[in-house]
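Note sheet for the following structure.
Protein chains: 2
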Amino acid sequence: MASSKNADAPKVPDLKDLTIENITENVHRINSQCADPRLKYVMERLVSHLHDFARETRLSFDEWMAGIQFLTQVGQICTDVRQEFILLSDIVGLSLLVDSIDHPKPPSSTEGTVLGPFHTHDAPSDQNGTSISADPNGEALLVLCTVKTTAGDPVSDVKVDVWETDSDGKYDVQYENRGDKADGRAVIRSDEEGVFWFKGIVPVPYPIPNDGPVGKLLEKLGRHCWRPSHMHFMFEKSGFDNLVTALYIRGSDYETSDAVFGVKESLIVSLETVTPEQAKKYDVKEGAKLLKYDFVLVTDEETKQLRHDEAIKAMHGLGRENMLIVNGLPIPDVD
Amino acid sequence: MASSKNADAPKVPDLKDLTIENITENVHRINSQCADPRLKYVMERLVSHLHDFARETRLSFDEWMAGIQFLTQVGQICTDVRQEFILLSDIVGLSLLVDSIDHPKPPSSTEGTVLGPFHTHDAPSDQNGTSISADPNGEALLVLCTVKTTAGDPVSDVKVDVWETDSDGKYDVQYENRGDKADGRAVIRSDEEGVFWFKGIVPVPYPIPNDGPVGKLLEKLGRHCWRPSHMHFMFEKSGFDNLVTALYIRGSDYETSDAVFGVKESLIVSLETVTPEQAKKYDVKEGAKLLKYDFVLVTDEETKQLRHDEAIKAMHGLGRENMLIVNGLPIPDVD
Chain A
1 MASSKNADAP KVPDLKDLTI ENITENVHRI NSQCADPRLK YVMERLVSHL HDFARETRLS
61 FDEWMAGIQF LTQVGQICTD VRQEFILLSD IVGLSLLVDS IDHPKPPSST EGTVLGPFHT
121 HDAPSDQNGT SISADPNGEA LLVLCTVKTT AGDPVSDVKV DVWETDSDGK YDVQYENRGD
181 KADGRAVIRS DEEGVFWFKG IVPVPYPIPN DGPVGKLLEK LGRHCWRPSH MHFMFEKSGF
241 DNLVTALYIR GSDYETSDAV FGVKESLIVS LETVTPEQAK KYDVKEGAKL LKYDFVLVTD
301 EETKQLRHDE AIKAMHGLGR ENMLIVNGLP IPDVD
Chain B
1001 MASSKNADAP KVPDLKDLTI ENITENVHRI NSQCADPRLK YVMERLVSHL HDFARETRLS
1061 FDEWMAGIQF LTQVGQICTD VRQEFILLSD IVGLSLLVDS IDHPKPPSST EGTVLGPFHT
1121 HDAPSDQNGT SISADPNGEA LLVLCTVKTT AGDPVSDVKV DVWETDSDGK YDVQYENRGD
1181 KADGRAVIRS DEEGVFWFKG IVPVPYPIPN DGPVGKLLEK LGRHCWRPSH MHFMFEKSGF
1241 DNLVTALYIR GSDYETSDAV FGVKESLIVS LETVTPEQAK KYDVKEGAKL LKYDFVLVTD
1301 EETKQLRHDE AIKAMHGLGR ENMLIVNGLP IPDVD
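Protein chains in written order, with my numbering: chain A, 1 to 335; chain B, 1001 to 1335.
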């Protein structure tokens, strides 16, 4: 074929005559002009998988168009307070997978899970002992936790972000009249012994937003839209890998069928009952529910090393030995 | 783990403890509740490829979030007259691939190519010989074509939809003041000899819409956004597979680097010059440009058989022998 005669046209690799078989290689050839080797690699894998998906399903025009319309609807329902693409990622297990890849955990540490769409940045900074929920209908819950290193040493002054729904299964941001008044949220700091504690309410199951395209997809798949009872936790401290996780209440409905694949066995906790001594010490009613957990954070160094090792392992598995691993991310070595 | 205690909760397969390795199988287990076997298979392949993509790239949280934001922008820029997701599908070669899968062609027939976003349903129905372009600056082009079967017999009364840009590389719908007045378009019917002909202008290269997220992606990939000179054709007649195709002018800029991967060698045509005899017969200026092409349509029966055969071949290649092929679409045989 003739090459481009336009002086403005960049010099690009000539495409071969396009067929079902060679279209993938041709798209790779055109994308090989990309100056960012990481983006080039990500696009190469993305295009390969997208094309294989179409070839393996013999995707029809009508199905493709249904997909185009679905994705358009997902994009169009997004607002400042609703992220339907994250929800879509959640219900196909991608969010959990990406979190697990990006935040690898040694066996002794606390596992991460999905962030979900309901974290906010305006939770009040509170002292240990604070009551995070104003809901009069919630069942009182005392939360007693520690934060330690993988070596078992307490970690003080960790910024701990906690959030949960009210007893109706709704986060504060799901109420139209919320305004600036956060509820069911707090940011607390661990003390010298790595302890942090607060009063909340016993979490309840709740449905993810199901009035949009993702809800319709779940329905078509014969799946429910419920999450089991849980409370969210996020940990930040310089030198440690951020931990985004949640604790699940053992025996909750939907414990084995979480719509967003957030449950890990190590994060399921059996609630206890507050003893008379604890009731006095923490100023809660005797017989109230008690949630105890010892969180274990991983240092940045440990995480970096693990990310590197896991990436090397994955590239071996793929048979791609000519890859550099930069900050845990594989990048082709030869350009 | 405990099974669901809620009477409303459907009975679903229990999830295993989620890890990077088993998350894919777990998502398949939950989706296996789907009552539509075709949707179930499509989702199984989609989730497998999506997860493999994340594992093979070690997709980071930041990259995932960039992807979420990109897809959201693509969805939000879509309007009744702009379909950015189709554009995205076009520039990664998916549109061409899906068309090629859905409309398989025997060697003797005319190949299909991308529909593009600029077809409308309001082109005027015209007689052979019509002038489709009102652009006074376009270079006059006589288009002389035939439509035949794969056996070489003429096909009469085929509905032929044609559309092209003006000499500025813009379709009528790209002008705000277009209103109901179509330009650069017509719907013509082939005559008894399978002949159709009309007057247009010599096509010019044009850029695909590049002021949105897809344009930004092309820029990041170091790719241009141009399409080589071409004219669109769509053929419809009962008993024949619809043919969506285009003819490309040999020697056009971007002929070997079409931004949407539409060019196939068999669709590239060298323009000729109108002879004195033709000028008289067709009432055009002597020396004007001439585009000649013989299109070959495939019957529905031929297409159906080919689709079936290609699907069988693809399933063999995948090592999936337990598939039914229904209307060319693979569906698992055992539920």
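Backbone N, C-alpha and C fix where the C-beta goes; we use that ideal spot for every residue, glycine too.
Which term fits residue 72(A), buried or exposed, when burial requires 16 or more other beta carbons within 10 angstroms of its beta carbon? Reading the first sequence from its first residue, position 72 is the one you call residue 72(A). Buried, by the Cβ-count rule.
When we look at the beta-carbon of residue 273(A) and count the other beta-carbons within 10 Å, is it buried (16 or more) or exposed? Looking up residue 273(A) in the first sequence gives position 273. Residue burial is scored here from C-beta neighbours: residue 273(A) has fewer than 16 other C-beta atoms within 10 angstroms and is therefore classed as exposed.
What is the DSSP secondary structure of residue 85(A), counted as helix, strand or coil? Counting from 1 along the first sequence, the entry for residue 85(A) is found at position 85. Three-state DSSP puts residue 85(A) in a helix.
With 7 Å as the threshold, decide whether the Cβ of residue 330(A) is near any Cβ in chain B. Walking along the first sequence from the start, residue 330(A) turns up at place 330. Answer yes: the Cβ-Cβ gap between residue 330(A) and chain B drops below 7 Å somewhere.
Any beta-carbon of chain B closer than 7 Å to the one on residue 246(A)? Your numbering for residue 246(A) matches position 246 in the first sequence. No, no contact with chain B.
For a contact meaning CB atoms closer than 8 Å, what does residue 269(A) contact in chain C? Reference to chain C is not applicable here, since the protein chains of this structure are A and B.
Counting only beta-carbon separations shorter than 7 Å, does residue 1023(B) have a partner in chain A? Locating residue 1023(B) in the second sequence gives position 23, where the first residue counts as 1. For residue 1023(B), the nearest CB of chain A lies under 7 Å from its own CB, placing it at the interface with that chain.
Under 7 Å, Cβ to Cβ, is there at least one residue of chain A near residue 1092(B)? Counting from one through the second sequence, the residue named residue 1092(B) turns up at place 92. For residue 1092(B), the answer is yes, since a Cβ of chain A falls inside 7 Å of its Cβ.
Where does the unbroken alpha helix (DSSP H) through residue 28(A) begin, and where does it stop? Counted from its first residue, the first sequence places residue 28(A) at position 28. Going by DSSP, residue 28(A) is part of the alpha helix (DSSP H) stretching over 23-31.
Please return the same chain residues whose Cβ sits closer than 7 Å to the Cβ of residue 1325(B), not counting the five positions on each side in sequence. For the purposes of this step, residue 1325(B) is identified with residue 325 of the second sequence, where counting begins at 1. Excluding residues within five positions, the ones whose Cβ falls inside 7 Å are 1308, 1311, 1312.
C-beta neighbour in chain B for residue 100(A), strict 7 Å: Translated into positions along the first sequence, residue 100(A) becomes position 100. Contacts with chain B at 7 Å (Cβ-Cβ) include residue 100(A).
Examine chain B for any beta-carbon lying closer than 7 Å to the beta-carbon of residue 85(A), and answer yes or no. Indexing the first sequence from 1 puts residue 85(A) at position 85. For residue 85(A), the closest Cβ of chain B is nearer than 7 Å.
DSSP state of residue 294(A), grouped into three classes? The residue given as residue 294(A) occupies position 294 in the first sequence. The answer is strand: DSSP assigns residue 294(A) an E or B state.
Check this for me: beta carbons of residue 1096(B) and residue 53(A), under 7 Å apart or not? The count along the second sequence starts at 1 and reaches residue 1096(B) at position 96. The count along the first sequence starts at 1 and reaches residue 53(A) at position 53. Cβ distance not < 7 Å, so residue 1096(B) and residue 53(A) don't count as in contact.
If you scan the stretch 156-189 of chain A from start to end, which runs of the alpha helix (DSSP H) of 4 or more residues do you find wholly inside it? If only uninterrupted alpha helix (DSSP H) runs of at least 4 residues are considered, none is enclosed by the stretch 156-189 of chain A.
Which partner residues does residue 329(A) have in the DSSP bridge list? Residue numbering aside, residue 329(A) sits at position 329 when the first sequence is read from its first letter. For residue 329(A), DSSP records a beta bridge to 326(A).
From 115(A), 111(A), 98(A), 50(A), residue whose alpha carbon lies closest to that of residue 267(A): On the first sequence, residue 267(A) is found 267 positions in, with the first residue counted as 1. Each of 115(A), 111(A), 98(A), 50(A) was checked against the Cα of residue 267(A), and the nearest Cα belongs to 111(A).
Check the Cβ-Cβ distances between residue 57(A) and every residue of chain B, and say whether any is below 7 Å. Stepping through the first sequence from its first residue, residue 57(A) is reached at position 57. For residue 57(A), the closest Cβ of chain B is nearer than 7 Å.
How big is the Cα-Cα spacing for residue 200(A) and residue 186(A)? The sequence position of residue 200(A) within the first sequence is 200, counting from 1. The sequence position of residue 186(A) within the first sequence is 186, counting from 1. As the crow flies, the alpha-carbon of residue 200(A) is around 10 Å from that of residue 186(A).
Residue 1314(B) by DSSP, collapsed to three states: which one? One-based indexing of the second sequence puts residue 1314(B) at position 314. The answer is helix: DSSP assigns residue 1314(B) an H, G or I state.
Those residues which DSSP pairs with residue 361(A) across a bridge: The question about residue 361(A) has no answer here: the residues shown for chain A are numbered 1 through 335.
Thinking residue 1077(B) and residue 89(A) are a contact (beta carbons under 8 Å), I'd like their distance in whole angstroms, please. Numbered from its first residue, the second sequence carries residue 1077(B) at position 77. Numbered from its first residue, the first sequence carries residue 89(A) at position 89. Contact doesn't hold; Cβ gap of about 20 Å is too wide.
Ignoring anything shorter than 3 residues or poking outside the stretch 1240-1264 of chain B, list the beta strand (DSSP E) runs there in chain order. Runs found: 1243-1249.
Secondary structure at residue 302(A), three-state DSSP: helix, strand or coil? Numbered from 1 along the first sequence, position 302 holds the residue referred to as residue 302(A). DSSP places residue 302(A) in helix when its eight states are reduced to three.
Give the range of the alpha helix (DSSP H) segment to which residue 1279(B) is assigned. Along the second sequence, one-based indexing puts residue 1279(B) at 279. Per DSSP, the unbroken alpha helix (DSSP H) holding residue 1279(B) starts and ends at 1276-1282.
For a contact defined as C-beta to C-beta under 8 Å, what are the partners of residue 163(A) on chain B? In the first sequence, the residue the question calls residue 163(A) occupies position 163. By Cβ distance, chain B contributes nothing, its closest Cβ being about 19 Å from residue 163(A), past 8 Å.
Just to confirm my understanding: we take residue 303(A), look at its own chain, exclude 5 residues before and 5 after, and list those with CB closer than 8 Å. What are they? On the first sequence, residue 303(A) is found 303 positions in, with the first residue counted as 1. Excluding residues within five positions, the ones whose Cβ falls inside 8 Å are 103, 104, 241.
For residue 200(A): DSSP bridge partner residues: Here residue 200(A) is taken as the residue at index 200 of the first sequence, counted from 1. Paired residue(s): 141(A).
In its own chain, which residues sit with a C-beta less than 7 Å from the C-beta of residue 300(A), not counting the 5 before and 5 after it? Residue mapping note: residue 300(A) aligns to position 300 of the first sequence, counting from 1. Cβ neighbours of residue 300(A) within its own chain (closer than 7 Å, five residues either side excluded): 239, 240, 241.
Taking residue 1318(B) as the query, report the chain A residues whose CB atoms sit under 7 Å from its CB, ordered along the chain. The residue you call residue 1318(B) lines up with position 318 of the second sequence. Correct list: 56.
Which residue spans inside the stretch 51-117 of chain A form an unbroken beta strand (DSSP E) run of at least 3? Runs of the beta strand (DSSP E) lying entirely within the stretch 51-117 of chain A and spanning at least 3 residues: none are present.
Contacting residues, own chain, Cβ-Cβ under 8 Å from residue 1169(B) (five flanking each side not counted): Mapped onto the second sequence, residue 1169(B) falls at position 169. Once the five neighbours on either side are set aside, the close Cβ partners of residue 1169(B) are 1204, 1205, 1206, 1207.
First and last residue of the uninterrupted alpha helix (DSSP H) at residue 1213(B): Position 213 of the second sequence, counting from 1, holds the residue named residue 1213(B). In the DSSP assignment, residue 1213(B) falls within the alpha helix (DSSP H) that extends over 1213-1220.
Do residue 235(A) and residue 243(A) have their C-beta atoms within less than 7 Å of each other? For the purposes of this step, residue 235(A) is taken as the residue at position 235 of the first sequence. For the purposes of this step, residue 243(A) is taken as the residue at position 243 of the first sequence. Cβ distance < 7 Å, so residue 235(A) and residue 243(A) count as in contact.
With which residues is residue 1268(B) paired in a DSSP beta bridge? For the purposes of this step, residue 1268(B) is taken as residue 268 along the second sequence, with counting starting at 1. DSSP, once it has assigned bridges, lists 1248(B) as partnering residue 1268(B).
Residues of chain B with CB closer than 9 Å to the CB of residue 74(A), please, in chain order. Translated into the one-based positions of the first sequence, residue 74(A) becomes position 74. Those within 9 Å of residue 74(A) in chain B are 1071, 1072, 1075.
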